[in-house]
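Once you know that position 197 of the sequence shown is 195 in my numbering, the rest is easy, because the numbers rise by one and skip nothing.
We put the CB at the ideal spot given by N, CA and C, even for glycine.
No experiment lies behind these values; they were computed from the predicted model shown.
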Amino acid sequence: DNTDLDLACDLFKDKRILLCIDNLETILRDAQDDCIEFLEKLPPLWKVLVTTRVPVDGFKSLRIKELNENSAMGMAARYLQSKGSDDYTKDDTKKIAEIAKCNPLAIRLTIDGFVRGNPLCDAAVTANTEVVKFSFDRLIGSLEADSIRFIETLYQAGKVGRTELPGLVGITLDRAIEIVRSLLNTSVISRDLSEEEEFYSLTSSMKEYVLHSEANIKIRRSVRNAINKREKRIRYVEQRQDNVSLNKNDYFFIPNDIPPGLKEPLYNAVKAIKTYNEHKFYRAASEALRNLKKFENTFNKNLTYRYYLGTLHRLLGDVDSALTHINYVVERDPTYFQARLLQAQLTSEFEDRDSIQSSEGLYKNLIEDVEEGVFGDITPSGSYHTNRGYYTCLYKLRKYDQLVQLSQNWEDSSDKLKQLRGSFYSIGLSMIMNGQHDDKIEKITGPLSEAAKQLKKTIRECGLSYDTIFAFSIIAKEGSHVFAFRREDIDDETSFEFLAELAGCLEYIDLNRESRSARELFQRIKRYLCNLRRVHTKYGNRIKQLYMPPSKINLTNKSRMEASGRGLLTVKIITVPRGNHRALFRFGRAHDGEEFFLSFNKLKSQSLSQWEDISVGDHVAIKPGHRPDLSKDREAEVIYLESDFETDSLN
């Protein structure tokens, strides 16, 4: 009783005494207050040694080493003798030690079952089950719900990284770390340290216990559902990349060998980046950035992680932080194409001349490395953004001659680069005479006229884009400066050549889709051209395409017969892409069912207003062309409308 304890403490307070308490978790569960009071009364020199699977604050943990095989065999031999069994061999004791996993209690229980007449294997299974139950029942009973869900998660998933735990268990990262710290002091979980992350798994004995435990079936099912959802999301990311043939040089590429705990946060970052032009972007991007930053201490050296951090920082306007992350990636992997591209883009955003010159150098080196095959296959989008960044730097640095030289062969480029280079070729031509006001206006309007002509050709062959609109704005502004200063010298051939080409470009542009400043400039130019057409009848017809009256599109029966007599083919329009009549191509079908690809640049009249009037169901005449590819429709070499038959302009 307490009197005896008080007396013992008083008599032996100067002695070094070791007290032993077995299965402390039972005492803490049944009489926690009494146990704490008991420990507090002990003299300072007394020490307490406890056996427990529950971590105790303030206690130093000492792991008990398991018996080695020889010791386990010796114990089995002695226990067999105590049970009156003398007819055993060394192989028998070795087998008992092995199937009991050298656990002393399991050895005893196995031998108890064996001497009762049970087969050795059956006795061992029963013994191991009882040992596991005895070992962990009290421990599991003392754990909180979060810890139990944590254990069930490890049982279902097998091996889980530190960053995955919060999402699977449904707790915060701090809470997960707290649970891990407490369970590592027990024989419940084990830890595996990799280069980037810690992984946790259940010990073999704990797996055995959970296998035979039915107490937490409901939690186990919930955990299984969470794991299935996670695996489904990860498979979706991997399958999506495989389906669209993404490679390491794609903007949204996430390596399949990325740590599992990082895949879902990166996938959410990609989803947020894709909403850039939507009203919900800033909220989605901010949330994605916050989620990524939770793993900064764990994955700070992972280059894909740092790349997406830099991308989100840039899109949210934090250029300095973005450049810090991207420079880190490029320094460690110069073959990371998207990081190199983003580094050049970020450098140019500071807008001062030194930064733009640095950006020009980065783009130039990037293009050279692409041509040398340093990165392998580059996507058309990657090639486009690299070249566009380089051309933009040349434009800002006023290196117009170099810009013209690089882009002059634009017609030989691939589709996306063809439109880009054609646009910047026009810009370079228009800016060569920038700031020069020679007495002879032809020296100024000559390059402007050629620039507008090349731009109109680019639009006809490649369609409208941000680049072509940007080029038109530059050319139009230069023209506005020239004619504002030299209004009285307007009556000359080169000026009207320029204005005619400018009118041809303006015909393609939908003013309602442009910015307010651009719309005001374009409308002013349009009014100016209209006024010139009335005043200067000599050149008025040169700019008539803006003002052509509506004409007949659909072929009459008479025109169809005439088309047949001239060796032409009549086709019916079957498709206008997405219902957009401004699209620069259509599809038509002949009487025999063969389909043809109709492009605006093959239209005889080259009138955009007429082209836009062509609708599904209309008939046009064509001169059939070649088939570019077995998988594609034949192209029309020339397209004729009803108005062409009326004016006899078929030749």
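Cβ neighbour criterion (16 or more within 10 Å) applied to M664: It is not possible to answer for residue 664, since the shown part of the chain is limited to -1 through 649.
- request: Report the three-state DSSP secondary structure of Y545 (helix, strand or coil).
  value: To locate residue 545, count along the sequence shown from 1; it is residue 547. Residue placement at Y545 cannot be trusted, given a pLDDT of 45 that sits under 50; what the coordinates show is reported in the next sentence. Under the three-state reduction of DSSP output, Y545 falls in the helix class.
field: Burial state of T50, where buried means 16 or more other Cβ atoms lie within 10 Å
entry: As a working note, residue 50 is residue 52 in the sequence shown. Burial call: buried.
- prompt: Does DSSP put C100 in a helix, a strand or coil?
  reply: Here residue 100 corresponds to residue number 102 of the sequence shown, with the count starting at 1. Correct three-state label for C100: coil.
- request: Could you say which of Y306, K299, K278 lies nearest to L290 if we only look at CA atoms?
  value: Position 292 of the sequence shown, counted from the start, is the residue given in the question as residue 290. Closest in alpha carbon position to L290, among Y306, K299, K278, is Y306.
field: For I252, the residue or residues it bridges with in DSSP
entry: One-based indexing of the sequence shown puts residue 252 at position 254. None, per the DSSP bridge assignment.
task: Please report the Cβ distance between I571 and G615, rounded to the nearest whole angstrom; I am assuming they are in contact, meaning their Cβ atoms lie under 8 Å.
output: Numbered from 1 along the sequence shown, position 573 holds the residue referred to as residue 571. Numbered from 1 along the sequence shown, position 617 holds the residue referred to as residue 615. Contact between I571 and G615 holds, since their C-beta atoms are separated by about 6 Å, short of 8 Å.
message: DSSP three-state label for T91, please.
response: Reading the sequence shown from its first residue, position 93 is the one you call residue 91. Assignment of T91 by DSSP, reduced to helix, strand and coil, places it in the helix class.
field: C-alpha gap between F297 and L582, whole angstroms
entry: The residue you call residue 297 lines up with position 299 of the sequence shown. The residue you call residue 582 lines up with position 584 of the sequence shown. Within the model, the alpha-carbon separation for F297 versus L582 is close to 48 Å.
message: Comparing C-alpha positions only, which one of S202, D413, E633 sits nearest to Q586?
response: Sequence index remark: in the sequence shown, residue 586 carries index 588 (1-based). Per the sequence presented here, residue 586 reads as Gly, with Gln not at that position. Per the Cα distances, E633.
- request: Within the same chain, show all residues whose beta-carbon is closer than 6 Å to that of S319, passing over the 5 residues directly before and after it, in chain order.
  value: In the sequence shown, residue 319 corresponds to position 321, counting from 1. Counting only Cβ-Cβ distances below 6 Å, and skipping sequence neighbours, we find H311.
query: Measuring CB to CB, does P258 end up less than 9 Å from K292?
result: As a first step, residue 258 is located in the sequence shown; it is residue number 260 there, counting from the start. As a first step, residue 292 is located in the sequence shown; it is residue number 294 there, counting from the start. Note that the C-beta distance between P258 and K292 is not below 9 Å.
field: Terminal residues of the alpha helix (DSSP H) in which E276 lies
entry: For the purposes of this step, residue 276 is identified with residue 278 of the sequence shown, where counting begins at 1. Unbroken run through E276: none, as it is neither H nor E.
- prompt: Where Q452 and G502 are concerned, what is the direct C-alpha to C-alpha distance, given to the nearest angstrom?
  reply: Taking the sequence shown and counting its residues from 1, one reaches residue 452 at position 454. Taking the sequence shown and counting its residues from 1, one reaches residue 502 at position 504. Q452 and G502 have their C-alpha atoms roughly 11 Å apart.
message: Considering only their Cβ atoms, is the gap separating Y393 from F348 smaller than 9 Å?
response: For the purposes of this step, residue 348 is identified with residue 350 of the sequence shown, where counting begins at 1. For the purposes of this step, residue 393 is identified with residue 395 of the sequence shown, where counting begins at 1. In this structure, Y393 does not lie closer than 9 Å to F348 by Cβ.
message: What does the Cβ neighbour count give for D2, buried or exposed, with the cut at 16 atoms within 10 Å?
response: Locating residue 2 in the sequence shown gives position 4, where the first residue counts as 1. Exposed.
query: Got a sec? Which residues, its chain only, sit under 7 Å from C391 by beta carbon, not counting five neighbours each side?
result: Walking along the sequence shown from the start, residue 391 turns up at place 393. Listed in chain order, the non-local C-beta contacts of C391 below 7 Å within the same chain comprise S346, I354, S357, E358, Y361, local neighbours out to five positions each way being set aside.
- request: Tell me whether the beta-carbon of S471 lies closer than 9 Å to the beta-carbon of A449.
  value: Numbered from its first residue, the sequence shown carries residue 471 at position 473. Numbered from its first residue, the sequence shown carries residue 449 at position 451. Result no, Cβ atoms of S471 and A449 do not sit closer than 9 Å.
Through-space distance from T201 to G380, alpha-carbon basis: Along the sequence shown, read from residue 1 onward, the residue named residue 380 stands at position 382. Along the sequence shown, read from residue 1 onward, the residue named residue 201 stands at position 203. One alpha carbon belongs to G380, the other to T201, and they sit about 48 Å apart.
- prompt: With Q417 and G387 assumed to form a contact (beta carbons below 8 Å), what rounded beta-carbon distance in angstroms separates them?
  reply: What you label residue 417 is simply residue 419 of the sequence shown in a count that begins at 1. What you label residue 387 is simply residue 389 of the sequence shown in a count that begins at 1. Going by Cβ atoms, the distance from Q417 to G387 rounds to 16 Å, so no, they are not a contact pair.
message: Suppose contacts are defined by Cβ-Cβ distances below 9 Å. Is E505 in contact with S607 by that definition?
response: If you number the sequence shown from 1, residue 505 lands on position 507. If you number the sequence shown from 1, residue 607 lands on position 609. Yes, Cβ-Cβ distance for E505 and S607 is below 9 Å.
query: By the 10 Å Cβ neighbour count, where 16 or more other Cβ atoms means buried, how is C119 classified, buried or exposed?
result: Taking the first residue of the sequence shown as 1, we reach residue 119 at position 121. So C119 ends up on the exposed side.
task: Report all residues from its chain with a CB closer than 8 Å to the CB of T322; omit the five preceding and five following residues, and keep chain order.
output: In the sequence shown, the residue the question calls residue 322 occupies position 324. Cβ-Cβ distances below 8 Å link T322 to G308 in the same chain, with the five nearest sequence neighbours on each side left out; the list follows chain order.
Through-space distance from I523 to Q543, alpha-carbon basis: Translated into the one-based positions of the sequence shown, residue 543 becomes position 545. Translated into the one-based positions of the sequence shown, residue 523 becomes position 525. In this prediction, Q543 scores a pLDDT of 49, lower than 50, which makes its location untrustworthy; no coordinate-derived value is stated.
task: Reducing DSSP to helix, strand and coil, say where S613 ends up.
output: By one-based count along the sequence shown, residue 613 stands at place 615. Residue state for S613 is assigned as coil, using DSSP reduced to three classes.
message: Can you find the residues in the same chain that come closer than 7 Å, C-beta to C-beta, to T377, ignoring five residues on each side of it along the sequence?
response: Taking the sequence shown and counting its residues from 1, one reaches residue 377 at position 379. The residues are N247, D248.
message: Pairs of beta-carbons, one from the segment 127 to 134 and one from the segment 98 to 110, closer than 8 Å: are there three or more?
response: The segment 127 to 134 is in contact with the segment 98 to 110.
message: Just to confirm the assignment, what range does the alpha helix (DSSP H) spanning R386 have?
response: Taking the sequence shown and counting its residues from 1, the one referred to as residue 386 is at position 388. Judged by DSSP secondary structure, R386 falls within the alpha helix (DSSP H) whose first and last residues are 378 to 394.
- prompt: For E610 versus K550, is the C-beta spacing smaller than 9 Å?
  reply: As a position in the sequence shown, residue 610 is number 612, starting the count at 1. As a position in the sequence shown, residue 550 is number 552, starting the count at 1. In this structure, K550 does not lie closer than 9 Å to E610 by Cβ.
message: DSSP three-state label for G371, please.
response: Locating residue 371 in the sequence shown gives position 373, counting from the first residue. Under the three-state reduction of DSSP, G371 is assigned to coil, being neither helix nor strand.
query: With distances taken from CA atoms, which of T170, E162, D84, S69 is nearest Y198?
result: Residue numbering aside, residue 198 sits at position 200 when the sequence shown is read from its first letter. Nearest option by C-alpha distance: E162.
- prompt: Just checking, does the segment 206 to 221 make contact with the segment 141 to 159 on the three C-beta pairs under 8 Å criterion?
  reply: Cβ pair count under 8 Å is three or more, so yes.
task: Measure the alpha-carbon distance for L446 versus I507 and round it to whole angstroms.
output: Within the sequence shown, residue 446 is the residue found at index 448, counting from 1. Within the sequence shown, residue 507 is the residue found at index 509, counting from 1. Distance between the alpha carbons of L446 and I507 is about 19 Å.
field: Host beta strand (DSSP E) of Y198 (start-end)
entry: Against the sequence shown, residue 198 aligns to sequence position 200. Unbroken beta strand (DSSP E) run through Y198: 196 to 200.
- prompt: What's the call for Y274, buried or exposed, on a 16-neighbour Cβ count within 10 Å?
  reply: The residue labelled residue 274 in the question sits at position 276 within the sequence shown. By the neighbour-count rule (16 or more Cβ atoms within 10 Å), Y274 is not buried but exposed.
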